[in-house]
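One structure is given here, and the rest of the page talks about it.
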Amino acid sequence: MSDRTRIAVLVSGGGTNLQALLDAQQRGQLPSGEIVLVLSNRADAYALERARKAGVPTAVTERRQYPTQAAFEEAMLKEIESHGVQMLILAGFLAILSEDFTRRFPERILNVHPSLIPAFCGKGFYGLKVHEAALARGVKVSGATVHFVNEIPDGGRILLQKAVPVLPDDTPETLQKRIMQECEWVLLPQAAEMVAASLLDQNEKEI
Numbered sequence: 030m031s032d033r034t035r036i037a038v039l040v041s042g043g044g045t046n047l048q049a050l051l052d053a054q055q056r057g058q059l060p061s062g063e064i065v066l067v068l069s070n071r072a073d074a075y076a077l078e079r080a081r082k083a084g085v086p087t088a089v090t091e092r093r094q095y096p097t098q099a100a101f102e103e104a105m106l107k108e109i110e111s112h113g114v115q116m117l118i119l120a121g122f123l124a125i126l127s128e129d130f131t132r133r134f135p136e137r138i139l140n141v142h143p144s145l146i147p148a149f150c151g152k153g154f155y156g157l158k159v160h161e162a163a164l165a166r167g168v169k170v171s172g173a174t175v176h177f178v179n180e181i182p183d184g185g186r187i188l189l190q191k192a193v194p195v196l197p198d199d200t201p202e203t204l205q206k207r208i209m210q211e212c213e214w215v216l217l218p219q220a221a222e223m224v225a226a227s228l229l230d231q232n233e234k235e236i
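Numbering of the sequence shown is given in the numbering used here, commencing with residue 30 and proceeding in unit increments.
Written out as structure tokens, the structure is:
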């Protein structure tokens, strides 16, 4: 029995949140978990390069290569299972997962969302769109949320939240950068360790 929870990180783009997790692991801030796979739905995602530099195995599963969502998810599951993965972290993963997929990992899939859920979340709220909506609404505080993933977009139980002020001269880009640096990169490793430790405790009780 492994003494660490085996983690797969799912990515689609640049991988800054993945980098925050890799750096936290390097610093010893993820003692209960180990990133054993970085899985991308895009072959050109720079996150794959970050993983390779850190010596973490990578895999690519592109939706367009499969006739159905179910076939795409089955291919992802094969990769995940082949690495003995116990929990998943979505770090800028821009594909919606079906209820059938999320049901296989109850309270074992984490996502970070760049707002204080329930504000500016759900279908259509991703990337800069979240920050554009926050600024258009005139909110004075925004932030990030790490939550469990279920069949409802951004609908799973909240684990951690952190807020930052919205400044009068903010643009969507400056707000995005502040939330990433001060909230997302801090919260995601903390939540990963919380859940990894909890899963280890569960495993020990079951032995």
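Each residue gets a CB set at the ideal place from its N, CA and C atoms; glycine is no exception.
Neighbourhood of Arg137 by C-beta distance below 6 Å, restricted to the same chain and skipping five residues each side
As a working mapping, residue 137 is identified with position 108 in the sequence shown. So the list reads Met116, once near-sequence residues are dropped.
Which stretch, first to last residue, makes up the beta strand (DSSP E) that contains Gln190?
Translated into positions along the sequence shown, residue 190 becomes position 161. Note, Gln190: beta strand (DSSP E), Ile187 to Pro194.
Would you kindly check if the distance between the Cβ of Val141 and the Cβ of Leu13 is under 8 Å?
Since the first and last residues shown for the chain are 30 and 236, residue 13 lies out of range.
Would Leu51 and Arg79 be called neighbours here (beta carbons separated by less than 8 Å)?
Residue mapping note: residue 51 aligns to position 22 of the sequence shown, counting from 1. Residue mapping note: residue 79 aligns to position 50 of the sequence shown, counting from 1. In contact: Leu51 and Arg79 (Cβ atoms closer than 8 Å).
For a minimum of 4 consecutive residues, which ranges assigned as the alpha helix (DSSP H) are wholly contained in the segment 76-132?
Within the segment 76-132, the complete alpha helix (DSSP H) runs of at least 4 residues are 98-111 and 128-132.
Grouping DSSP H, G and I as helix and E and B as strand, with all else coil, what is Leu145?
The residue you call residue 145 lines up with position 116 of the sequence shown. Leu145 falls in the coil class under three-state DSSP.
C-alpha distance - Phe134 paired with Phe122, whole-angstrom precision
Sequence index remark: in the sequence shown, residue 134 carries index 105 (1-based). Sequence index remark: in the sequence shown, residue 122 carries index 93 (1-based). One C-alpha to the other measures close to 16 Å.
Just list the residues that DSSP pairs Ile138 with in beta bridges.
As a working mapping, residue 138 is identified with position 109 in the sequence shown. DSSP lists Leu117 as partners of Ile138.
Could you spell out the range, first to last residue, of the beta strand (DSSP E) harbouring Leu59?
In the sequence shown, counting from the first residue as 1, residue 59 sits at position 30. Segment: none, Leu59 is in no beta strand (DSSP E) and carries neither H nor E.
According to the neighbour-count rule (16 or more other Cβ atoms, all chains shown, within 10 Å of its Cβ), is Ser171 buried or exposed?
Residue 171 sits at position 142 when you count from the first residue of the sequence shown. By the 16-neighbour rule on beta-carbons within 10 angstroms, Ser171 is buried.
Determine contact between the segment 151-170 and the segment 199-206, defined as no fewer than three beta-carbon pairs at a distance below 8 Å.
The segment 151-170 makes contact with the segment 199-206, as at least three CB pairs between them are under 8 Å.
Compute the beta-carbon to beta-carbon distance between Ser127 and Glu102, rounded to the nearest angstrom, for a pair I have assumed lies under 8 Å.
Start at 1 with the first residue of the sequence shown, and residue 127 comes out as number 98. Start at 1 with the first residue of the sequence shown, and residue 102 comes out as number 73. In this structure, Ser127 and Glu102 form a Cβ contact; the two beta carbons are roughly 6 Å apart against a cut-off of 8 Å.
If you measure between the beta carbons of Leu66 and Val114, is that distance less than 8 Å?
Taking the first residue of the sequence shown as 1, we reach residue 66 at position 37. Taking the first residue of the sequence shown as 1, we reach residue 114 at position 85. Closer than 8 Å, so yes.
Closer than 8 Å to chain C by CB, Thr203:
Absent from the structure: chain C. Only one protein chain is present.
Can you give me the Cβ contacts of Ala104 inside the same chain, cut-off strictly under 7 Å, excluding the 5 residues immediately before and after it?
Your numbering for residue 104 matches position 75 in the sequence shown. For Ala104, the CB contacts under 7 Å within the same chain, skipping 5 residues up- and downstream, are Thr90 and Tyr95 in chain order.
CB-CB under 7 Å to Ile146, same chain, minus the five flanking residues each way: which ones, in chain order?
Position 117 of the sequence shown, counting from 1, holds the residue named residue 146. Excluding positions up to five away in sequence, the list reads Thr174, His176, Asp183 and Ile187.
Out of curiosity, what's the CA-to-CA distance linking Leu228 and Thr131?
Against the sequence shown, residue 228 aligns to sequence position 199. Against the sequence shown, residue 131 aligns to sequence position 102. Spanning the two alpha carbons is a distance of roughly 17 Å.
Does the separation of the CB atoms of Asn70 and Ser41 fall below 8 Å?
Here residue 70 is taken as the residue at index 41 of the sequence shown, counted from 1. Here residue 41 is taken as the residue at index 12 of the sequence shown, counted from 1. For Asn70 and Ser41, yes; Cβs fall inside 8 Å.
Burial state of Met30, where buried means 16 or more other Cβ atoms lie within 10 Å
Within the sequence shown, the letter at position 1 stands for residue 30. With a pLDDT of 43 at Met30, under the threshold of 50, the modelled position of that residue is not reliable, and no figure is offered here.
Identify which residue in Ala120, Ala100 and Gln210 has its Cα closest to the Cα of Thr129.
Indexing the sequence shown from 1 puts residue 129 at position 100. Going by the sequence as given, residue 129 is Asp instead of Thr. Asp129 has its Cα closest to that of Ala100, out of Ala120, Ala100 and Gln210.
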